[in-house]
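Protein chains in written order, with our numbering: chain A, 357 to 684; chain B, 34 to 396.
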């Protein structure tokens, strides 16, 4: 048969919406590079890679939830809970436990559970996702505070600390984990039922139901996956700073949602993807890093960031207008 | 027709005290295309939805290929080879044609849990081939025309053939109602082609379509099946009379006179001169007189909606003049038009738009 449709990925379906974030990232890098050549050094590249690692992991998880047209606001709470969990499971100054590296695997379980609970509650009770997950944020944060009880546990596991701060060759270890998570997310999105059904649900939940898809099951799965990666993000951040802390995720929820939107994934669901979201997260971190280099005063950095987000959403809604007009 | 594929006997269904189906009996033979005609609310769609397992009947029996069946869910119906194409289009616009066709039944295209896109595309092409349609499986549904989307819907319905050992029974609920002439012709051709592999119930309110593709025709009115005709042995007028039943239109003469009266005598309320909007319409001229009903006919995308949006101030024209009561006006938003006493109603069968409660066409 003609190989016209045989190709695995339909490149021609990519639009400005999908290429836009990539282009913006390139332009931003070139711009900062011209303004301050030290920005474009390999050393700074790895610094950015390291700072991107956790945000990228978070954004991959949230992307599946947003693709379905939902929102998960519990990320910060989950990060805090998993941060405390990992810190108290390894050799530390608060408990007698010493699970070593395997603590990481246990530490993400609370995230998985909270994610699943989010999914089950919002599908059973038909409550909007942002309400349920807002509640879950507080619950998880409260549990983390109970565990912490004012004395953040300090991690003394040398292997884990070395991993969190170390590099393989020149590449920060956490950046390697982030790349692995992005690859996993991309494969899930394009080559599994989970990913495809997330797209279908975001495209039209009722139509997906009418086609016989088990919509509720896949919603629970998406929230569980998001919780799992939020937990992983929190645990890795703890490993990096060597401390279990309730504020480990402070500011991350909004940053993650922003990265998803800047990357071009529609909050209405059904459009966008893991790669775009990852680019969105990298873009925000490049922006933060570059502004320091070119000497934007810290007070103005927030405003610049906000302007970028605003223009990204303008671009996104611009396309929506066209589409609505097409459909009439 | 000794062994019927479907036999419906004395089916009744009530919604909140209203009889939607009243003692309906129909029969469909193997590879027969059966038409169901009737006005809105005659019970056509209700019948199809009962057969698709979406509604449960209050009374009556359904027998499929000689065996009594209970259709409790769409899944039951689908397992028995019944497949429905809904009146409102149900494709997921953000997925490609292949995914839409195979949605929920991708098993054959999965290898160790991972999509084999080549296989998925090949499977969907096989479905489209049954309709002799050359739509690219990798085309996003939103880039397809309404006619092509309807083909994809038909192809999706046909997947039931591979999933069950039975020859399919297709339920088509006004599959052409949103299409323009050419697109509708293509869909009708496809339905005729399916005669070699499926039985079909074809619901429509277009008499000529029904006469063209159907072998037999049932006419519904107010929830009852009021008659049955062989398509070869009746005319459009016969059917029209049956559909309208006792509700005869008023004397033709009266209507004629009523229509003629205002045309020349009354004043011009609205006049449109050289109205133009690039890529939408060019040099549109017309006048509307008091008491007149003016129709604007045209296919989808012909610019008919666009002109109306311009009149209502929802979409600015590039040039031209609109005059209301003799004075030129240029509305910049619908609120202006409302203030001057204009009202619009949206086409109700239009595909879903983002603002369900919005009474005027917004862009």
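C-beta atoms are modelled at their ideal positions from N, C-alpha and C, and glycine is treated no differently.
Open item on the list: Following a CB-centred definition, is residue 541 (chain A) positioned closer than 7 angstroms to any heavy atom of the ligand NAP?
Closed with: Annotation note on the ligand NAP: not contained in the displayed structure, which lists no ligands.
Open item on the list: Taking the alpha-carbon of residue 491 (chain A) as reference, which of A:641, A:430 and A:397 has the nearest alpha-carbon?
Closed with: A:430
Open item on the list: Less than 8 angstroms between the C-beta atoms of residue 457 (chain A) and residue 511 (chain A), yes or no?
Closed with: no
TODO: Just the chain A side, please: which residues come within less than 8 angstroms of residue 107 (chain B) by C-beta, in chain order?
DONE: 566 and 568
Task: 8 angstroms Cβ cutoff, residue 125 (chain B) in contact with chain A - done: Interface residue, yes.
- [ ] Can you tell me which of A:581, A:643, A:523 and A:652 puts its alpha carbon nearest to the alpha carbon of residue 611 (chain A)?
- [x] A:643
Task: Top-ranked residue by Cα proximity to residue 107 (chain B), from B:219, B:94, B:86 and B:126 - done: B:86
Task: Three or more C-beta pairs below 8 angstroms linking the region 166-174 of chain B and the region 567-575 of chain A - done: Contact check between the region 166-174 of chain B and the region 567-575 of chain A: fewer than three CB pairs, one atom from each, fall below 8 angstroms, which does not count as touching.
Task: Element boundaries [alpha helix (DSSP H), containing residue 25 (chain B)] - done: There is simply no residue 25 (chain B) to check, as chain B begins at 34 and stops at 396 in what is shown.
Task: Coarse secondary structure for residue 96 (chain B), derived from DSSP in three states - done: Three-state result, residue 96 (chain B): strand.
Task: Among B:232, B:258, B:255 and B:272, nearest to residue 242 (chain B) - alpha-carbon criterion - done: If we check each option's Cα against that of residue 242 (chain B), B:272 comes out closest.
TODO: Mind checking the region 627-644 of chain A against chain B and listing, in chain order, the residues whose C-beta falls within less than 9 angstroms of any C-beta there?
DONE: So the list reads 627, given in the order they occur along the chain.
Task: Alpha-carbon spacing of residue 291 (chain B) relative to residue 324 (chain B), whole angstroms - done: Because residue 291 (chain B) sits at a pLDDT of 47, beneath the cut-off of 50, its placement in the model cannot be relied upon, and the following sentence gives the value as read from the coordinates. Looking at the two C-alpha atoms, the distance is approximately 10 angstroms.
- [ ] Specify the secondary structure class of residue 281 (chain B) as computed by DSSP and reduced to three states.
- [x] In this predicted model, residue 281 (chain B) has a pLDDT of only 45, less than 50, meaning its place in the structure is not dependable enough to derive any value.
TODO: Taking only beta carbons into account, state which residues of the region 135-149 of chain B come closer than 9 angstroms to chain A, listed in chain order.
DONE: 136, 137, 138, 139, 143, 146, 147, 148 and 149
- [ ] Spatial neighbours of residue 330 (chain A) within its chain, please: CB distance less than 8 angstroms, with the 5 preceding and 5 following residues excluded, ordered by chain position.
- [x] Only positions 357 to 684 of chain A appear in this structure, which leaves residue 330 (chain A) out of reach.
- [ ] Select from the region 539-563 of chain A all residues with a C-beta closer than 8 angstroms to any C-beta belonging to chain B, and list them in chain order.
- [x] In summary, the residues of the region 539-563 of chain A whose CB is separated from some CB of chain B by less than 8 angstroms are 543, 546, 547, 548, 549, 552, 555, 556, 558, 559, 560 and 563, in the order they occur in the chain.
Open item on the list: If distances are taken between C-alpha atoms only, which option among B:370, B:365 and B:349 comes closest to residue 357 (chain B)?
Closed with: B:370
TODO: Using a Cβ-Cβ cut-off of 8 angstroms, state whether residue 16 (chain B) counts as contacting chain A.
DONE: Residue numbering for chain B in the displayed model covers 34 to 396; residue 16 (chain B) lies beyond these limits and cannot be assessed.
- [ ] Taking all protein chains shown into account, decide if residue 22 (chain B) is buried (16 or more other Cβ within 10 angstroms of its Cβ) or exposed.
- [x] Residue 22 (chain B) falls outside the range modelled here, since chain B spans only 34 to 396, and no answer is possible.
TODO: May I have the straight-line CA-CA distance separating residue 545 (chain A) from residue 614 (chain A), to the nearest angstrom?
DONE: Spanning the two alpha carbons is a distance of roughly 20 angstroms.
TODO: Go to residue 47 (chain B), then tell me how far its alpha helix (DSSP H) extends in each direction, as first and last residue.
DONE: No alpha helix (DSSP H) contains residue 47 (chain B), which is instead part of the beta strand (DSSP E) from 39-48.
- [ ] Measure how close the beta-carbons of residue 89 (chain B) and residue 105 (chain B) come, nearest whole angstrom, since I'm counting them as under 8 angstroms.
- [x] Sure, about 7 angstroms apart at Cβ, within 8 angstroms.
TODO: Flag residue 288 (chain B) as yes if its beta-carbon sits less than 8 angstroms from any beta-carbon of chain A, otherwise no.
DONE: Residue placement at residue 288 (chain B) cannot be trusted, given a pLDDT of 47 that sits under 50; what the coordinates show is reported in the next sentence. Judged by the 8 angstroms Cβ criterion, residue 288 (chain B) is not in contact with chain A.
- [ ] Would you decide whether residue 448 (chain A) is buried or exposed? Buried here means 16 or more other CB atoms lie within 10 Å of its CB.
- [x] The residue is buried, with at least 16 neighbouring Cβ atoms inside 10 Å.
Open item on the list: Can you look up residue 52 (chain B) in the DSSP assignment and give me helix, strand or coil?
Closed with: strand
Task: Pair within 8 angstroms by beta-carbon distance, residue 232 (chain B) and residue 63 (chain B) - done: yes
Task: Cα-Cα separation between residue 289 (chain B) and residue 326 (chain B), rounded to whole angstroms - done: Residue placement at residue 289 (chain B) cannot be trusted, given a pLDDT of 48 that sits under 50; the coordinates are not used to answer.
Task: Cα-Cα separation, residue 608 (chain A) to residue 522 (chain A) - done: Rounded to whole angstroms, the separation of the alpha carbons of residue 522 (chain A) and residue 608 (chain A) is 23 angstroms.
Task: Whole alpha helix (DSSP H) elements within the region 217-272 of chain B, 4-residue minimum - done: 240-246
Task: Segment limits, beta strand (DSSP E) that includes residue 73 (chain B) - done: First-last for residue 73 (chain B): undefined, no H or E at that position.
Task: Proximity test, Cβ basis, 8 angstroms: residue 354 (chain B) and chain A - done: Interface residue (Cβ-Cβ distance to chain A less than 8 angstroms): residue 354 (chain B) is not classified as such.
TODO: Please specify which runs of the alpha helix (DSSP H), each continuous and at least 4 residues long, are wholly inside the region 412-492 of chain A, giving them in chain order.
DONE: 431-445, 459-463 and 465-480
- [ ] Could you pull the start and end residues of the beta strand (DSSP E) that residue 353 (chain B) belongs to?
- [x] 352-357
Task: Inter-residue CB distance, residue 376 (chain A) and residue 626 (chain A) (contact presumed, cutoff 8 angstroms) - done: Not really, about 18 angstroms apart at Cβ, beyond 8 angstroms.
Open item on the list: Given this structure, state the Cα-to-Cα distance separating residue 315 (chain B) from residue 307 (chain B), to the nearest angstrom.
Closed with: 7 angstroms
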